[in-house]
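Just add 126 to the spot in the sequence shown (first one is 1) and you have the working numbering.
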Amino acid sequence: MSDRKITIILATLFMAVAVAAIAAVYVWREDGGGIARIGGAFTLVDHTGAERSEADFRGRHALIYFGYSFCPDVCPTALADMLIALDELGPDAARVQPLFITIDPDRDTPAVLKDYVANFHPRLVGLSGSPDQVSKAARVYRVYYARVEDPEAGENYLMDHSSVIYLMDPDGRYLTHFSHGTAPQTMAKRLRELVS
Ligand code: NI
């Protein structure tokens, strides 16, 4: 074979590998390995005891955080940061609904959440539900949670959970997320770009 033929064969192989790699990345994203499919339908119960579905929150952006009221520091920090960022928006904050969805429905009854959210923000809505409703909601937002096994903890058990703040658009579609520890000012800057 001539060098020229070898070059053509190698170039063709290279192209084929490149095309396969790009296709694999698309499949991975579509499969949910990426960020393409965060969010979707849920049915939960809010802190006043009313049943609420995901569709009830359309028409505004939503900032969504999954956690639990008994959480000693991770959830309070993330929620406080999220709500500081929201308030930084000034009048535009009205375009955003902040939501706190519990991953500990056994302890976080609507009554418990009512007191909890009131401590954070007058507009924060707390959502709980049956263990099954909560598990389905967490699944559509790709949130991980699990009870920490500790025989001595009793009713004071802790929960392991993802700590991510999601920003959804007014149609309930994923826009972006903020990882734990994102400074409120950084969040506010991004929110202003996406919400205003
Ligand atoms: Ni927490």
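Ideal Cβ positions, reconstructed from N, Cα and C, are used throughout, including at glycine.
Exercise. From the DSSP output, which residues share a beta bridge with Q223?
Worked result: Stepping through the sequence shown from its first residue, residue 223 is reached at position 97. Looking at the DSSP assignment, Q223 forms a beta bridge with A188.
Exercise. Helix or strand or just coil, what does DSSP make of T308?
Worked result: As a first step, residue 308 must be located in the sequence shown, where it is residue number 182. Residue state, collapsed to three classes: coil.
Exercise. Which word fits A309, buried or exposed, when buried means at least 16 other C-beta atoms lie within 10 angstroms of its C-beta?
Worked result: If you number the sequence shown from 1, residue 309 lands on position 183. Its Cβ having fewer than 16 others within 10 Å, A309 is exposed.
Exercise. Should G193 be listed as close to the ligand NI, given that the test is whether its C-beta is under 7 Å from any heavy atom?
Worked result: The count along the sequence shown starts at 1 and reaches residue 193 at position 67. Taking 7 Å as the cut-off, the C-beta of G193 counts as close to a heavy atom of the ligand NI.
Exercise. Residues in its own chain within less than 6 Å of D157 by CB, not counting five upstream and five downstream?
Worked result: Translated into the one-based positions of the sequence shown, residue 157 becomes position 31. Any reading at D157 must be qualified, since the residue scores a pLDDT of 46, below 50, and its modelled position is unreliable; the value itself is stated next. Contacts found: none.
For this session: Could you check which residue in V266, D199, H187 has the C-alpha nearest to that of L320?
Result: Position 194 of the sequence shown, counting from 1, holds the residue named residue 320. The shortest Cα separation from L320 among V266, D199, H187 belongs to H187.
Problem set entry | For V274, three-class secondary structure by DSSP | Along the sequence shown, one-based indexing puts residue 274 at 148. It is coil, neither helix nor strand.
Problem set entry | For I291, three-class secondary structure by DSSP | The count along the sequence shown starts at 1 and reaches residue 291 at position 165. Strand.
For this session: Report, in whole angstroms, the separation of the C-beta atoms of V290 and G165, which I expect to be a contact under 8 Å.
Result: Numbered from 1 along the sequence shown, position 164 holds the residue referred to as residue 290. Numbered from 1 along the sequence shown, position 39 holds the residue referred to as residue 165. At roughly 12 Å, the Cβ-Cβ gap does not stay under 8 Å, so V290 and G165 are not in contact.
Exercise. Would you say V200 touches the ligand COA, meaning its beta carbon is less than 7 Å from a heavy atom?
Worked result: The ligand COA is not part of the structure shown, which contains the ligand NI as its ligands.
For this session: Please classify S256: does DSSP put it in a helix, a strand, or coil?
Result: Residue mapping note: residue 256 aligns to position 130 of the sequence shown, counting from 1. Looking at S256 - three-state DSSP - the assignment turns out to be coil, as it is neither helix nor strand.
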